[in-house]
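Residue numbers (our numbering), protein chains in the order written: chain A, 81 to 172; chain B, 11 to 588. Note that beta-carbon positions come from the ideal geometry of N, C-alpha and C, so glycine has one too. To start, the structure itself, in structure tokens.
So, in structure tokens, the structure goes:
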């Protein structure tokens, strides 16, 4: 099996490969949010728990940016999946 | 949200940090509610089936799940309400929690909150890592210890920190085989005593190795590992394959700090603590008024320090709301800080102690004199960070006999078991002269870790640790009668007795044993050395059990005299030698 960047998945939830992340960085992404916007990595069910550190390391390796300067992506509520029926009131 | 409740202090997370915080705040008469998204409380405690380290005040020698039970009882007695299956999906101004439980949602307005949301396992991407059978070591631990399900039959463990070592041991206890532990660094990351347990069970630890790929048809059927050079690059041609169906990844944890990030609390970065962590002062107060943090969310440590940080946060939050006067609060906080300091002592704790000191100092530098009205900074980490530890391992300090950064080539930090030099330098190992006189304890503890249950275990006062509790235990060979009561008390399972005074060619060795099925008295067994290599045959002459031993059994084995200082285990598979 070829251990190429095309086959190694970085974001399991959205099936984003290492090559796609590297392409996003090549395209100008220098933040986790930047990679997320181009590839959807971090937008799946786990909301980046599986891939954020991996993406951060790739950004750091490719751009030379120290890890401490690769900040977490913006977080907005809800931080866990929540059913709309739980939030809605009445019958709507 | 049509319903809103009000509390004094809302604690997010019912793990050791959250429960400890809630207990302290409730003891001060604050109205405390703890929310946890899980259906059971206790966080990681209930899957920690091994005995904890530390000293009596840290509940050393107690198994993790029992500490969890104790905390729940204390919480209940203090009047803490715990709401399980409840997700805090957001925290809104001015300290209002958005809550969901199934189909119900509501808000909780608090005057102070303690965020104790813990940490998650790190992932490691390699070809084949998405095949079924690759999982976090913590996930495997949950499956085995909570759900009593084996994740697989033959495991490769990636990472030799305490999680990797402990989960390996627990997988063995559950009946799985562990083909090897691979560690990218050139030394073992976790405690020598944890490594020794798995080494004498025959599990190899391959240093400077990492997993190259997992392969299989729809699931893990094997894994290839490869050796790394000093620049962490794989060396072509050094690949080795293992026939495994499970790969456990134990490459560190990261704080689950998304609620704090969302709230705009200021963060800093420290590789030693797991990356981006919330800035806090010595009262566990963040840069946002009324918001406290405790436990792994503030930096990866362990359950014992999580509990102490939780207590600090609970006391501080209660004080903030006026439930404790400053003098009383300070008295309680100082007691906690002393215990916390003891846990962070020794070579293993040093990095964490320094990281926490630096963090608190950064807070002080930026906000000293700001008092209660600390400025809320824009979300974003700043501050000096030290270098990141490589992802695949935790840096390991050396054992006492070696210099701080370079462990001995033959020492426990390299091989996973104490070297002859480390043993003879240890004050817990008696002289050959004393060994020949009769049954005596042999304490194979060669690294400075904060731990002293052996001291209290000895009814004859023959074991001394003293202070600091990182001192190696010293055996007074004259006082020691070899009763072996210390054997089951050592959380590291590092104590044995040896009796070289028998007539004839045989000796008796007593060793701690935590595997089932137990051998029977009179049974012939294969006896193993510290590397798990069979060195001969022995006969089990006693199987000592007692409720006081808390499930650690003491086996007495008769072995050839020349093997008495070699035999430290028997073979686990129950096979009788031919």
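Going by the CB atoms, is the gap between residue j and residue i shorter than 7 Å?
{"i": "residue 135 of chain B", "j": "residue 88 of chain A", "result": "yes"}
{"i": "residue 38 of chain B", "j": "residue 124 of chain B", "result": "no"}
{"i": "residue 132 of chain B", "j": "residue 262 of chain B", "result": "yes"}
{"i": "residue 265 of chain B", "j": "residue 247 of chain B", "result": "no"}
{"i": "residue 594 of chain B", "j": "residue 473 of chain B", "result": "The structure shown does not extend to residue 594 of chain B, since chain B spans only 11 to 588, so no value can be given for it."}
{"i": "residue 579 of chain B", "j": "residue 519 of chain B", "result": "no"}
{"i": "residue 327 of chain B", "j": "residue 302 of chain B", "result": "yes"}
{"i": "residue 131 of chain A", "j": "residue 105 of chain A", "result": "no"}
{"i": "residue 160 of chain B", "j": "residue 224 of chain B", "result": "no"}
{"i": "residue 167 of chain A", "j": "residue 115 of chain B", "result": "yes"}
How many whole angstroms separate the CB atoms of residue i and residue j, which I take to be in contact at a CB cut-off of 8 Å?
{"i": "residue 201 of chain B", "j": "residue 172 of chain B", "result": "6 Å"}
{"i": "residue 624 of chain B", "j": "residue 167 of chain B", "result": "Residue 624 of chain B lies beyond the range of chain B shown here (11 to 588); nothing can be said about it."}
{"i": "residue 476 of chain B", "j": "residue 450 of chain B", "result": "Actually they are not in contact, since the Cβ atoms of residue 476 of chain B and residue 450 of chain B sit about 21 Å apart, beyond 8 Å."}
{"i": "residue 159 of chain A", "j": "residue 272 of chain B", "result": "7 Å"}
{"i": "residue 422 of chain B", "j": "residue 205 of chain B", "result": "7 Å"}
{"i": "residue 44 of chain B", "j": "residue 64 of chain B", "result": "24 Å between Cβ atoms; not a contact."}
{"i": "residue 198 of chain B", "j": "residue 215 of chain B", "result": "6 Å"}
State yes or no: is the beta carbon of residue i nearer than 7 Å to at least one beta carbon in chain B?
{"i": "residue 148 of chain A", "result": "yes"}
{"i": "residue 90 of chain A", "result": "yes"}
{"i": "residue 102 of chain A", "result": "no"}
{"i": "residue 164 of chain A", "result": "no"}
{"i": "residue 115 of chain A", "result": "no"}
{"i": "residue 96 of chain A", "result": "no"}
{"i": "residue 129 of chain A", "result": "yes"}
{"i": "residue 172 of chain A", "result": "Reliability fails at residue 172 of chain A, whose pLDDT of 49 lies under 50, so the model's placement of it is uncertain and the value that follows must be treated cautiously. Judged by the 7 Å Cβ criterion, residue 172 of chain A is not in contact with chain B."}
{"i": "residue 125 of chain A", "result": "no"}
{"i": "residue 135 of chain A", "result": "no"}
{"i": "residue 167 of chain A", "result": "yes"}
{"i": "residue 118 of chain A", "result": "no"}
Using 7 Å as the limit for Cβ to Cβ distance, is residue i near chain A?
{"i": "residue 243 of chain B", "result": "no"}
{"i": "residue 140 of chain B", "result": "yes"}
{"i": "residue 110 of chain B", "result": "yes"}
{"i": "residue 268 of chain B", "result": "yes"}
{"i": "residue 50 of chain B", "result": "no"}
{"i": "residue 251 of chain B", "result": "no"}
{"i": "residue 301 of chain B", "result": "no"}
{"i": "residue 133 of chain B", "result": "yes"}
{"i": "residue 173 of chain B", "result": "no"}
{"i": "residue 115 of chain B", "result": "yes"}
{"i": "residue 145 of chain B", "result": "no"}
{"i": "residue 440 of chain B", "result": "no"}
{"i": "residue 23 of chain B", "result": "no"}
{"i": "residue 286 of chain B", "result": "yes"}
{"i": "residue 469 of chain B", "result": "no"}
{"i": "residue 28 of chain B", "result": "no"}
{"i": "residue 105 of chain B", "result": "no"}
{"i": "residue 523 of chain B", "result": "no"}
{"i": "residue 95 of chain B", "result": "no"}
{"i": "residue 130 of chain B", "result": "yes"}
{"i": "residue 161 of chain B", "result": "no"}
With DSSP collapsed to three states, give me the class of residue i.
{"i": "residue 202 of chain B", "result": "helix"}
{"i": "residue 144 of chain B", "result": "strand"}
{"i": "residue 559 of chain B", "result": "helix"}
{"i": "residue 581 of chain B", "result": "coil"}
{"i": "residue 155 of chain A", "result": "coil"}
{"i": "residue 36 of chain B", "result": "helix"}
{"i": "residue 45 of chain B", "result": "strand"}
{"i": "residue 219 of chain B", "result": "strand"}
{"i": "residue 330 of chain B", "result": "helix"}
{"i": "residue 131 of chain A", "result": "coil"}
{"i": "residue 445 of chain B", "result": "helix"}
{"i": "residue 99 of chain A", "result": "helix"}
{"i": "residue 401 of chain B", "result": "Confidence is the limiting factor: at residue 401 of chain B the pLDDT is only 37, short of 50, which leaves the residue's position unreliable, though a coordinate-based value still follows. Looking at residue 401 of chain B - three-state DSSP - the assignment turns out to be coil, as it is neither helix nor strand."}
Let me know if residue i comes out buried or exposed under the rule of 16 or more other beta-carbons within 10 Å of its beta-carbon.
{"i": "residue 375 of chain B", "result": "exposed"}
{"i": "residue 141 of chain A", "result": "exposed"}
{"i": "residue 268 of chain B", "result": "buried"}
{"i": "residue 610 of chain B", "result": "Summary: the structure shown does not reach residue 610 of chain B, with chain B confined to residues 11 through 588, and so no result is reported for it."}
{"i": "residue 416 of chain B", "result": "exposed"}
{"i": "residue 442 of chain B", "result": "exposed"}
{"i": "residue 227 of chain B", "result": "exposed"}
{"i": "residue 336 of chain B", "result": "exposed"}
{"i": "residue 172 of chain A", "result": "Only weak support exists for where residue 172 of chain A lies, its pLDDT of 49 falling under 50; the value from the coordinates is given anyway. With fewer than 16 Cβ atoms within 10 Å of its Cβ, residue 172 of chain A is classed as exposed."}
{"i": "residue 69 of chain B", "result": "buried"}
{"i": "residue 164 of chain A", "result": "exposed"}
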